[in-house]
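Input: a single structure, listed below in structure tokens.
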Amino acid sequence: MKKLIIDILLGSLLVFSFTSLVLLIAGAPVLDAFKHIWLGAFASSIKISQVLSVWVPLTLCSCGLLFTFRANLWNIGIEGQVTMGAIGAMAVLRIPGIDPTLTLCLAFLTSMLCGGAWGLFAGLLKTRGGVHEIFGGLGLNFVSQGFILWLIFGPWKRPGIASMSGTELLNRKLWLASLPGWRVATAGIIITITILILTWLFLQKSRLGLKLKAIGQNPKAALLYAISPERYYLQSIFIAGSCAGIAGFIQTTGVYHRLIPSISSGYGYLALLLVMLSGYKIVLIPILAFFFASLNVGAIQLPIVLQLDSALAGVIQGCCVLCALFILGIRHDR
Amino acid sequence: MTRKITGILAVFVAAVALLLSPAQSHASADTFIFGLLMVGPANDHGWSQAHFEAGKEIERNIPGSKMIYIDKVNPADRPGVTIPFLVDDLVSKGAKLIIGNSDDMTDGIREAAILHPDIKFIHISGDDALNPDSPENLSNLMGKMEYGQMMAGFAAAMTTKTGKIGYLGPLINDETKRLAASCFLGARYAWTEVLKKDPADLSFKISWIGFWFNIPGVTSDPTQVAKNFFDSGYDVVISGIDTTEALIVADQKKKEGADVAAIPYDYEGACEIAPDACLGVPYFNWYPGYSYFINNIKNNDWKKEWLWLGPNWKDMNNTKKSSISFKNGNALPGDVQTKLAVFAKGLGNESISLFTGPLNFQDKSIFLKEGETATEKQIWNLPQLLEGMDGSSK
Amino acid sequence: MDVEFQHISKNFGQVQALTDVSLTARSSTIHGLIGENGAGKSTLMKILTGYQSKSSGSILLDGVEAQLNNPSQASNLGIGMLYQEPMDFPPLTVLENFSLGTPRQSRQELHFALKTLSIRFGFDLDPDLPVELLTVGERQQIELLRLIHCNIKVLILDEPTTGISPAQKEALFPALKQLAADGLTILLVSHKLEEVANLCSEVTVLRHGKLTHHTAAPFHFPKLLTAMFGFVPKRKDKGSARDKGSPILICKNIEASGERQGLHQCDITVAEGEIIGLAGLDGAGQSTFLRLAAGLISPDQGKVTLFNNSLPHGAKAYIRAQELHTSFIPADRLEESLFAGISLRDHFSLREEHGMFWQSRTRTRQRTEEAITTFSIKGTPEDLAEDLSGGNQQRLLLSLLNRNSRLILLENPTRGLDIQSGQWIWQHLRDELSPDTAIIFSSPELDEILHYSDRIIVFHDGNIVLDSAVADTSHGAIAAAMTGMREGTP
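Quick mapping for you: the protein sequence lines, in order, are chains A, B and C.
The numbering used here puts the first sequence at residues 7 to 340.
The numbering used here puts the second sequence at residues 178 to 571.
The numbering used here puts the third sequence at residues 51 to 540.
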């Protein structure tokens, strides 16, 4: 615990000093920049709700990744699983003439199934084809990206328009509702908190969690306990894919209200880092996700207020990631 | 464990404290703040820069006006950032008017307009305002770039040696179809009426890349598309996208000894990147449109409008008056410049009307009968490309 | 060069690995260092080679205190070590491996040096062969020549005869004696008393990190054993031979790959109640056979029949074998059969609670506590498997064995255990399990096999070269079979 606090303090210090350096080089007022990032994320309830709308998919992906990391799987395909979840949701949302609530429920289930199936696909590539899940996952990310582009450019394009900018906007009845004055889908928050609790329960209390841990530690020995690693690899990656699929569903129905090529917004990759940074501890996931989300949201102030080249926000995020990896590295050495 | 809980509590307390702190606002009585959302970078030498410069011009000419802006507003550059989100932010900084400069922002602007009924919105290139059910605080502004593209097509046809003109198209929608068609009509006019050549010898090919600018991995790479054009005998490439790849490639090819040229798009200064390969640029000047709306707002004279502003034929290059213009480039020969001026004059006095029948669509169905002239609405909503154009209509 | 250890102590956290050890190895002698596993021999040698730091004490080389903070300092001072596992680069050739770490020399010079040294010690090495094609013994020879070529003054040998053939042993021993005669200081770490007696002029015994005995030749074995184990271990009388029942494991015409040579033309039938010892040099096919019977690997040809059911091919075979009451305990406990970072209780949860969704803490805890008492495991239910000692890990594994097992396959069951722990394990296996349970085990210790099994099967290069009742064979015959010499052939 003490180590963890030191890590976090050290990490923050690194992030801040590194970012300050970058800002200084860019000729920006350092303190102002930090102030604006802070205000940009927390100045009003609207902004906090925007932070939450990023927090939702980040946390969902992270929860899913906890399962695969526990089984020692590198589910880098999470990005594609978000995309496939969004596609699955959209496929249902496009069916006309069903009651909106029913449609949304169906879309939710389909997104879980699609994301899960996509994960399963990477899992099968590993267990049946002997393809390492990192390569399988990366490959499938490309496939899903190609697929969503094809859909947006092809069968699902707006009438008379072929643009990469997205499909037609969903009927308002199919938007996930938010509280007045809030910019985040209430259902998204509820789902995410539920998934967080379920993840904790499954990983800590269920035999599934224990088996995944056993397989993650020693797949050879698992066999001696009549636990088939293949089966649990598939189960964990299916669960991860389902969580990612839900994130895709919320991105589609609660944030963009349509399908866009970058529907996953890189949250899958960010979640991978976040989970590693958390040391695979679920307590830290919502907190770290909140931190990354507020940085993501707050950084937009840099181009608006300080007229900094907007690429700088990306540089700052990159710094955070590097610092995270650095901390991980020294934590490993200790 | 207790420490963990304390930590979590601390974060929440901090969040709540911030929530209660008042939102900042710079607005004072005599300033007029307007927010500009640009789809591409503010220095793209194209579409977004034209808007950015117009905003700067407003700041210089309308006392008390102040622009706040954000560029690269598209999901590829700013994943997770949505239009309503940015509008919320600009409004919290005191913006009274929001200008969204991309067709891509249609849905977001509409959503934001509903969320902020007391803020005025201008969506560039859309036509929401034509719909009676659309929000009253949302107007549309567009320039009649058809004329600019006709001149571009004219200049291209007058210059090409191979009779093959390439058109680097963005995505396919009504706007891009009508612009490409205008360009083609200008080119065909030059080819048949001025050069008196056989229309069958003129090849006009469109390649759509999928978006207004290059998004690696998502769109086709415009540099590559332009290269393909030049490598397969197209010696003039007209750009319909927001960025200047076509011109840059043309310049490279020219330096390698090829006799090629390009026409960029959108921004007055676009030729500056490679003046020697540039035949000229059809460009927007957004100042007249912006100032019209801002003055209306200041005079409490706002109404929902759909504004499609054309060139000021008498003084086409006057930034205060003309919304559309064509600026000659170094690569355009002097005699062609003269002929282009005559052509422009013809367009201005309507002695030359290119959207006049007989005109067929690409699928050979009739668009305009002999002698029939298209209405504004017919041009605005052009359903497909025209006969004689090579490229996809949907 | 005389090596003098003075009051060396070493502790890892709470654990005291070495306590006040002082000994002197003189030049031109071979000094034996013996003790059971975990007695501290390796730690002492690692301190000398600079791989580990000492907590207190000092090391004197020719009377001068030496700084040995890292391996390169040690090697600069002329200390070289021959490891149990060859520390070489398999894809490189003999000559290339030989050249590593030696002063810069031309290829011809190196070639000449290698040739000369080979002749001097009677080794037969082809300089251009990649090392991966050689046997462990040959690789050891290269390593030895390399060290000598580097002009070392102190040579440490860690169990040098594990995994090498008797012929190679025949070549190694005179070489070592010759090296000692030439003035080298040799430290020999071993647990094989015969070897030590054969080679060494002095012997130091360590036990639990303390020096318990020091003596010069000639040696009195009972005294050495007492120093090693505290008392001369008395093995229980050999249990009575058990009755054989109907056949439960039938292997027919098996061809399989695994280990060095795979398994060839393997025909074995095992009946209820049999206790079979598998002997052979390391990697001769015993482990492959055990894994084959356990369903962990599938044969390339032939069929394995367990309790009249033939095992399926592929990954399902192992689960099927378990359903057929067959249990397997591999030698490498933390690598293959336990989860290092998981508590004892969770091991029981994993083993026993099939078909349940939630973990049941109280029940498994109770079950674990029972097992801890029954198997006298030193640990609590919440201890992690990696925190247990080897003996306790083995007990844990036994306690996790399915109690309905009727065929138990054990790979080197007493590996790394002291004699008492080993005895306990065997007592449990023979007495606690139902007498119709068949046990098949492999062991590198011929004594263990002769003592506990009713039948012995000897493997050599993947072939079964001897299959006989223990009563009908002799120590000599087995040793000959293990080294590939059939009875009657020279």
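We put the beta carbon where it would ideally sit given N, CA and C, even for glycine.
Computed from a prediction, not measured in an experiment: that's the story for all the values here.
The DSSP-derived three-state label of Asn302 of chain A is helix. Bounds of the alpha helix (DSSP H) holding Pro261 of chain B are 260-269. Pro309 of chain A carries a helical assignment under DSSP once its states are collapsed to helix, strand and coil. Looking at the backbone, the Cα of Asn442 of chain C and that of Asp497 of chain C are separated by about 23 Å. The C-beta of Phe73 of chain A has 16 or more other C-beta atoms within 10 Å across all chains shown, which makes the residue buried.
When the Cα atoms are used, Leu328 of chain C and Leu340 of chain C turn out to be separated by approximately 9 Å. Taking all protein chains shown into account, Val253 of chain C has 16 or more neighbouring C-beta atoms within 10 Å of its C-beta and is therefore buried. With distances taken between CA atoms, Lys243 of chain B lies nearest to B:Thr208 out of B:Thr208, B:Thr421, B:Ser570, B:Gly446.
In this structure, the straight-line span from the alpha carbon of Leu183 of chain C to that of Leu145 of chain C is close to 14 Å. Contact annotation for Arg264 of chain A against chain B: Asp284 [CB-CB distance below 8 Å, chain order]. Taking 8 Å as the CB threshold, Ala390 of chain C lines the interface with chain A. Interface residue (Cβ-Cβ distance to chain C less than 8 Å): Lys179 of chain A is not classified as such.
Contact annotation: Ile440 of chain B and Ala329 of chain B have beta-carbon atoms nearer than 8 Å.
Thr200 of chain A is classed as exposed because its beta carbon has fewer than 16 other beta carbons within 10 Å across all chains shown.
Put simply, of C:Glu461, C:His81, C:His510 the residue whose alpha carbon is nearest the alpha carbon of Pro268 of chain C is C:His81. In this model, Thr211 of chain C and Ile236 of chain C are separated by some 15 Å (Cα to Cα). Nearest CB-CB separation between Arg453 of chain C and chain A: not below the 8 Å threshold. Taking the CA atoms as reference points, Trp389 of chain B sits about 7 Å from Leu348 of chain B. Using a Cβ-Cβ distance cut-off of 8 Å, the stretch 117-136 of chain C and the stretch 93-105 of chain C are in contact, since at least three pairs of beta carbons, one from each stretch, lie closer than that value.
Note: Trp385 of chain B is bridge-paired with B:Gly346 in the DSSP secondary-structure output. Per the coordinates, the alpha-carbon of Glu139 of chain A lies some 6 Å from the alpha-carbon of Asn81 of chain A. Distances from the alpha-carbon of Ser270 of chain A to those of A:Leu99, A:Cys69, A:Gly83 put A:Gly83 closest. Per DSSP, reduced to three states, the secondary structure at Pro297 of chain C is strand.
Its chain contains Glu323, Gln326, Met327 as the residues whose beta carbon lies nearer than 6 Å to that of Ser359 of chain B, once the 5 sequence neighbours on both sides are disregarded; these appear in chain order. Taking 8 Å as the Cβ-Cβ cut-off, the stretch 140-159 of chain A approaches chain B at Gln151, Leu155, Phe159, given in chain order.
Within the model, the alpha-carbon separation for Lys571 of chain B versus Leu562 of chain B is close to 9 Å. When the Cα atoms are used, Gly511 of chain B and Lys498 of chain B turn out to be separated by approximately 26 Å.
Relative to the Cα of Arg134 of chain A, the nearest Cα in the group A:Leu276, A:Val303, A:Leu240 belongs to A:Leu240. Of the residues C:Phe378, C:Asn303, C:Met51, the one whose Cα lies closest to the Cα of Gln351 of chain C is C:Asn303.
The C-beta of Gln56 of chain A comes closer than 8 Å to at least one C-beta of chain B. For Pro252 of chain B, the chain A residues whose C-beta falls within less than 9 Å of its own C-beta are Ser171, Gly172, Tyr262, Ile266, Pro267, Ser268, Ile269, Ser271, listed in chain order. When the alpha-carbon of Lys96 of chain C is set against those of C:Leu118, C:Lys428, C:Ser149, C:Leu229, the nearest one is in C:Leu118. Residue pairing by DSSP puts Ser416 of chain B in a beta bridge opposite B:Leu345. Ranked by Cα distance from Met335 of chain B, the options B:Leu345, B:Thr353, B:Leu379, B:Asp295 are led by B:Leu379.
Listed by position along chain A, the residues whose Cβ is nearer than 7 Å to that of Ile369 of chain C are Ala232, Ser234. Taking His264 of chain C as reference, the option from C:Ser72, C:Thr152, C:Asp481, C:Pro494 with the minimal CA-CA separation is C:Ser72.
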